[in-house]
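Chains as they are written, first to last, in our numbering: chain A, 1473 to 1717; chain B, 4 to 53. Report on the following structure.
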Amino acid sequence: MTEATDTRPVATRGAPQAQSGRLALWGVVVLLALIAAQVYGLLESPPDRDMGHLQKIMYVHVPSAWSAFVAFLVVFVASIAYLWTGRARHDLIAASAAEVGALLTALTLALGSIWGRPTWGVWWTWDPRLTSTAVLLVVFVGYLALRAFTDDFERRARWSAVVGILGFLNVPVVYLSVRWWRTIHQVQSAPSTVDTTFAWGLRVNAVAFLLLMIYFVRERYRVASMEHLLEATIEERELRGSHGV
Amino acid sequence: MASEWSYVVGAYALTWVVILGYALRLRYRLRRAAEELAMAQPSSPPKREA
């Protein structure tokens, strides 16, 4: 790491109360968007010809997966930015997005499993799409475990950035796995291949999940900033104590 | 065998448990971090000696 590395505590922008108020409002907007999108999807879409009402699980399964991919893209970009600039802020953004991405990936797998039981007859199978998604989850759970491994900020941030960048490389593999290998998971649908009602249900839920993901990352980033400031405050106090100031 | 709707309801219930659970967890962590930070920081600036 160069001397230019900036590990100073991340300053909180604006008045904390005003920021908290804005995020609370954002949370209410996200909540309403999710409820509206799910009600629309559940009530408007007719039973699918092959899947029947099980098709409605797609409105939470697919947006959850897409939002996780976007979260991992944030990890990728923020990790490169950290290695490039050494700013603590980038590391904290990456860590926040990684946690939210891992959560959404776990939810995606669980929802897929609930859909798979009545459709394929099994809760789980070692299909390329399922397996590559499980690997993605394991990599980012490892990323989070790695962060708890060391107290040294620079080392933790550098290692995490490398894992975050390498971990993201699995996202295109997950996405294209249904085309590259023989799989029982269906290939990606396009607006031209599904009925408009289903497509709109998916679109509105995708937007709602994207808003949710952004809200979670921002909230998690606030927690991470405070914890980082706390670490720095304690370190500074110990340093002053050791020098008898 | 369970009906289609039981799987649908189960999937949506799980989604909301995860969403609300994580939101509450973040709220708790935020409050705890703010409290710890307030305790760690000096309550008033040090007085200057005359």
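C-beta atoms are modelled at their ideal positions from N, C-alpha and C, and glycine is treated no differently. Just so we're clear, the structure is a prediction, and the values are computed from it rather than from any experiment.
- With a threshold of 16 other beta carbon atoms within 10 Å, residue 1559 of chain A meets it and is buried.
- Of A:1693, A:1706, A:1708, A:1533, the smallest CA-CA separation from residue 1562 of chain A is found for A:1693.
- Within chain A, the C-beta atoms nearer than 8 Å to that of residue 33 of chain B come from 1691, 1694, 1695, 1698, in chain order.
- When the beta-carbon positions are compared, residue 1630 of chain A and residue 1619 of chain A stay at least 7 Å from each other.
- By the criterion of a C-beta distance shorter than 7 Å, residue 1576 of chain A is surrounded in its chain by 1536, 1539, 1540, 1543, 1685, once the five residues flanking it on both sides are discounted.
- At a cut-off of 7 Å between beta carbons, residue 24 of chain B makes no contact with chain A.
- Across the set A:1588, A:1633, A:1493, the C-alpha of A:1588 shows the shortest separation from the C-alpha of residue 1527 of chain A.
- Nearest CB-CB separation between residue 27 of chain B and chain A: not below the 7 Å threshold.
- At a cut-off of 7 Å between beta-carbon atoms, residue 41 of chain B makes no contact with chain A.
- Listed by position along chain B, the residues whose Cβ is nearer than 7 Å to that of residue 1658 of chain A form an empty set, because the closest Cβ is around 17 Å away.
- For residue 1559 of chain A, the three-state secondary structure derived from DSSP is strand.
- Contact between residue 1551 of chain A and residue 1574 of chain A does not hold, since the beta-carbon distance rounds to 15 Å and is not under 8 Å.
- Residue 24 of chain B and residue 18 of chain B have their C-alpha atoms spaced approximately 10 Å apart.
- Excluding its 5 nearest sequence neighbours in each direction, residue 1609 of chain A has C-beta neighbours in its own chain below 8 Å: 1574, 1577, 1578, 1581, listed in chain order.
- Beta-bridge annotation (DSSP): residue 1499 of chain A is not paired with any residue.
- Burial check for residue 38 of chain B: the Cβ neighbour count within 10 Å stays below 16, so the residue is exposed.
- Non-local C-beta neighbours of residue 1637 of chain A in its own chain, meaning closer than 7 Å and more than five positions away in sequence, comprise 1548, 1551, 1552, ordered along the chain.
- If you draw a straight line from the Cα of residue 1658 of chain A to the Cα of residue 1591 of chain A, it comes to about 12 Å.
- For residue 1641 of chain A, there is no enclosing alpha helix (DSSP H), as DSSP marks it with neither H nor E.
- Comparing alpha-carbon positions, the option among A:1529, A:1600, A:1704 lying closest to residue 1651 of chain A turns out to be A:1600.
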